[in-house]
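Under numbering that gives the first Met the number 0, think of the first position of the sequence shown as 0, with each following residue one higher. Built from N, CA and C at the ideal position, the CB exists for glycine as well. Only one structure is covered here, and it is reproduced in the block below.
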Amino acid sequence: MAIAFNRLIKKINTLNPAVEHWHDSTDKNYRVIVLSSEYKSRAGGIANAMHGYLSALKLQGLLFSHISTHTSGSIMGKALPPIFALFKLRKEVSTIKKLGFIPVAYAHAGESFSLLRKTILLSIAKLFGAKTVLHLHGGNVEYWLNHFFSRSLFFILLSSADSICVLSDHRKNILTKFDRIKLLNVVHNPISIKLENDKNLLNLKKASSSNSITILTMSRLEKGKGIDVTIKALSKLPSNYNLTIAGSGSQFKHLKRMVNTLGLCKRVTFTGWVEGEDKYSLFRKSDIFCLPSHYDSFGLVFLEAMYFELPIIASKWGAIPEVVPDGVAGILVDGQCDLKISQAIMCLENPKVRLKIGTEGKEWAMRQFSISAVGEALKKAISMSKSSQL
Numbered sequence: 000m001a002i003a004f005n006r007l008i009k010k011i012n013t014l015n016p017a018v019e020h021w022h023d024s025t026d027k028n029y030r031v032i033v034l035s036s037e038y039k040s041r042a043g044g045i046a047n048a049m050h051g052y053l054s055a056l057k058l059q060g061l062l063f064s065h066i067s068t069h070t071s072g073s074i075m076g077k078a079l080p081p082i083f084a085l086f087k088l089r090k091e092v093s094t095i096k097k098l099g100f101i102p103v104a105y106a107h108a109g110e111s112f113s114l115l116r117k118t119i120l121l122s123i124a125k126l127f128g129a130k131t132v133l134h135l136h137g138g139n140v141e142y143w144l145n146h147f148f149s150r151s152l153f154f155i156l157l158s159s160a161d162s163i164c165v166l167s168d169h170r171k172n173i174l175t176k177f178d179r180i181k182l183l184n185v186v187h188n189p190i191s192i193k194l195e196n197d198k199n200l201l202n203l204k205k206a207s208s209s210n211s212i213t214i215l216t217m218s219r220l221e222k223g224k225g226i227d228v229t230i231k232a233l234s235k236l237p238s239n240y241n242l243t244i245a246g247s248g249s250q251f252k253h254l255k256r257m258v259n260t261l262g263l264c265k266r267v268t269f270t271g272w273v274e275g276e277d278k279y280s281l282f283r284k285s286d287i288f289c290l291p292s293h294y295d296s297f298g299l300v301f302l303e304a305m306y307f308e309l310p311i312i313a314s315k316w317g318a319i320p321e322v323v324p325d326g327v328a329g330i331l332v333d334g335q336c337d338l339k340i341s342q343a344i345m346c347l348e349n350p351k352v353r354l355k356i357g358t359e360g361k362e363w364a365m366r367q368f369s370i371s372a373v374g375e376a377l378k379k380a381i382s383m384s385k386s387s388q389l
């Protein structure tokens with residue numbers, strides 16, 4: 000009985016990570032409590048971006064603590080952490096107020112239930128006396144706005160925030176059509192803090208004389224990501240072009256069958272999900288990055304590819320042109336047409352052209368999406384939350 004109880008306690012503790020604190024804030028007025036998924040052990044999405052956001056806040060002297068609201072894909076991992084977060088949030092707000100500062104609860108929300116969890120916590124944070132900032136990451140905002148009832152619910156959820164951040168001007172333009180949504184700030188995903196600080200990863204690309212050209216696509220293998228289109232595009236390219244697919248997801252078996260059907264088994268490699276040095280190694284070994292997604296609200300992986308000086312092939316869709324400027328960091332195509340994708344890839348056949356675009360793309364990414372640039376944008380958004388209400 001005692002052993003079973005200890006196991007239960009251990010399980011609960013894994014779902015209830017300790018609050019992380021940073022007490023080096025230099026701002027004289029307020030302290031920020033970040034609410035997001037547990038980012039250290041999770042892959043993809045908001046979790047990948049959180050390292051950069053926390054670093055940006057620390058650089059600005061704004062960060063006080065981080066509270067995890069979601070730790071795993073299990074039911075317990077989704078249900079229990081928000082409850083734990085509620086009690087932690089109350090304690091953190093109280094502590095900040097006792098120190099004589101203004102508490103600001105800053106939540107990162109994905110789609111559907113993630114948005115619901117975060118806005119409930121922000122509403123309660125308001126009751127505790129905190130200012131609130133909501134950062135929208137989900138790609139399904141248009142769905143919320145296209146239907147009367149979901150739009151009404153969406154507005155109610157957003158009312159929990161004193162200030163709202165979105166990832167792109169594209170998303171801001173959609174939301175500003177509605178008078179009920181105000182105080183919108185564009186705060187981009189930041190480039191990885193590890194990449195920005197690791198000098199050993201700099202100046203990696205050189206114009207290669209090799210005849211073999213490796214195309215890399217890296218993503219969750221889901222509908223709308225354009226992996227299937229990339230495979231079809233490969234079938235239209237010469238035999239010296241090969242494709243590496245890094246990622247996992249529900250479309251894996253379907254994509255494997257497609258590769259077999261098109262007779263591309265010797266030219267396509269599936270690596271599964273990769274992280275850390277394994278991911279960086281794939282970027283180093285590749286010549287072109289291709290992801291014609293019609294799904295992503297931003298596409299953090301484009302920044303990673305640009306850092307490694309890979310020219311990008313992507314779709315002219317949503318916010319992607321803001322992340323990947325056409326003709327500067329890569330080539331954007333209309334729609335998800337495999338013929339257009341293959342033609343765009345052939346435009347990068349010359350290694351000197353790839354090197355030129357890759358170099359310019361990296362300069363763009365480091366200028367627009369650096370930790371310091373994102374930190375300045377966050378400081379503005381948080382300042383707005385102190386003096387305004389939705």
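Could you give the uninterrupted runs of the alpha helix (DSSP H) lying entirely in the stretch 252-336, keeping only those of 4 residues or more?
-> 275-284, 299-306, 319-322
By a C-beta neighbour count over all protein chains shown, 10 Å radius and 16 as the cutoff for buried, is Arg283 buried or exposed?
-> Here residue 283 refers to the residue found at position 284 of the sequence shown. Flag for Arg283 reads exposed.
Can Ile46 and Leu88 be called in contact, C-beta distance under 9 Å?
-> On the sequence shown, position 47 is the one that residue 46 refers to. On the sequence shown, position 89 is the one that residue 88 refers to. In the sequence as presented, Ile is not what sits at residue 46; that position holds Ala. For Ala46 and Leu88, no; Cβs fall outside 9 Å.
Check whether the stretch 212-222 touches the stretch 323-334, counting contact only when three or more Cβ pairs, one atom from each stretch, lie closer than 8 Å.
-> no
With C-beta atoms as the reference, is Trp272 less than 9 Å away from Ser249?
-> Position 273 of the sequence shown holds residue 272. Position 250 of the sequence shown holds residue 249. No, the pair does not count as a contact, with Cβ atoms beyond the cut-off.
State the beta-bridge partners of Pro102 as determined by DSSP.
-> The residue labelled residue 102 in the question sits at position 103 within the sequence shown. According to DSSP, Pro102 bridges with Arg30.
Per-residue burial, Gly262 [other beta carbons within 10 Å of its own, 16 or more giving buried] | On the sequence shown, position 263 is the one that residue 262 refers to. Label assigned to Gly262: exposed.
Measure the Cβ-Cβ separation of His146 and Ala372 and say whether it is below 9 Å.
-> Here residue 146 corresponds to residue number 147 of the sequence shown, with the count starting at 1. Here residue 372 corresponds to residue number 373 of the sequence shown, with the count starting at 1. Not a contact, by the Cβ cut-off of 9 Å.
Within 10 angstroms of its Cβ, does Pro237 collect 16 or more other Cβ (buried), or is it exposed?
-> Reading the sequence shown from its first residue, position 238 is the one you call residue 237. Burial call: exposed.
For Met257, which residues of its own chain have a beta-carbon under 7 Å away from its beta-carbon, when the five flanking residues on both sides are left out?
-> Taking the sequence shown and counting its residues from 1, one reaches residue 257 at position 258. For Met257, where only same-chain residues beyond five positions count, the Cβ hits under 7 Å are Asp227, Ile230.
Taking just the CA atoms, how far does Glu276 sit from Ser384?
-> The residue labelled residue 384 in the question sits at position 385 within the sequence shown. The residue labelled residue 276 in the question sits at position 277 within the sequence shown. Rounded to whole angstroms, Ser384 to Glu276 spans 38 Å at the Cα level.
State the DSSP-derived secondary structure class of Leu389, mapped to helix, strand or coil.
-> Translated into positions along the sequence shown, residue 389 becomes position 390. With a pLDDT of only 42 at Leu389, under 50, the local geometry of the prediction cannot be trusted, and the value read off the model is given with reservation. Coil.
Phe177 classed as buried or exposed, judged by whether at least 16 other C-beta atoms fall within 10 angstroms = In the sequence shown, residue 177 corresponds to position 178, counting from 1. By the 10 Å Cβ count, Phe177 comes out exposed.
So is Leu299 buried or exposed if we call it buried at 16+ other beta carbons inside 10 Å?
-> Taking the sequence shown and counting its residues from 1, the one referred to as residue 299 is at position 300. Flag for Leu299 reads buried.
If we count Cβ pairs, one from each stretch, closer than 8 Å, do we get three or more for the stretch 305-318 versus the stretch 329-342?
-> yes
For Ile370 and Gly60, believed in contact at Cβ under 8 Å, the rounded distance = Within the sequence shown, the letter at position 61 stands for residue 60. Within the sequence shown, the letter at position 371 stands for residue 370. Not a contact, Cβ separation roughly 13 Å.
List in chain order: all unbroken beta strand (DSSP E) runs of 3+ residues lying wholly within the stretch 110-175.
-> 130-135, 162-165
Does DSSP classify Leu182 as helix, strand or coil?
-> Counted from its first residue, the sequence shown places residue 182 at position 183. Of the three classes helix, strand and coil, the one that applies to Leu182 here is coil, per DSSP.
Within 9 Å, strictly: CB atoms of Met305 and Lys361 = Taking the sequence shown and counting its residues from 1, one reaches residue 305 at position 306. Taking the sequence shown and counting its residues from 1, one reaches residue 361 at position 362. It is a contact, given that the beta carbons lie within the stated cut-off.
Alpha carbon to alpha carbon, how far is Ala48 from Thr118? Give it in angstroms, no decimals.
-> Residue numbering aside, residue 118 sits at position 119 when the sequence shown is read from its first letter. Residue numbering aside, residue 48 sits at position 49 when the sequence shown is read from its first letter. Approximately 20 Å, taken between the alpha carbons.
Environment of Leu338 [buried if 16+ CB atoms lie within 10 Å] = The sequence position of residue 338 within the sequence shown is 339, counting from 1. The residue in question, Leu338, is exposed, as its Cβ has fewer than 16 Cβ neighbours within 10 Å.
When we look at the beta-carbon of Glu91 and count the other beta-carbons within 10 Å, is it buried (16 or more) or exposed?
-> Taking the sequence shown and counting its residues from 1, one reaches residue 91 at position 92. So Glu91 counts as buried.
Kindly identify the DSSP beta-bridge partner or partners of Ala376.
-> Mapped onto the sequence shown, residue 376 falls at position 377. Answer is none; Ala376 lacks a bridge partner.
Could you tell me if Arg366 is buried or exposed, where buried requires 16 or more neighbouring beta carbons within 10 angstroms of its beta carbon?
-> In the sequence shown, residue 366 corresponds to position 367, counting from 1. The residue in question, Arg366, is exposed, as its Cβ has fewer than 16 Cβ neighbours within 10 Å.
What is the residue span of the alpha helix (DSSP H) that Ile190 lies within?
-> As a working note, residue 190 is residue 191 in the sequence shown. Per DSSP, Ile190 belongs to no alpha helix (DSSP H) and is neither H nor E.
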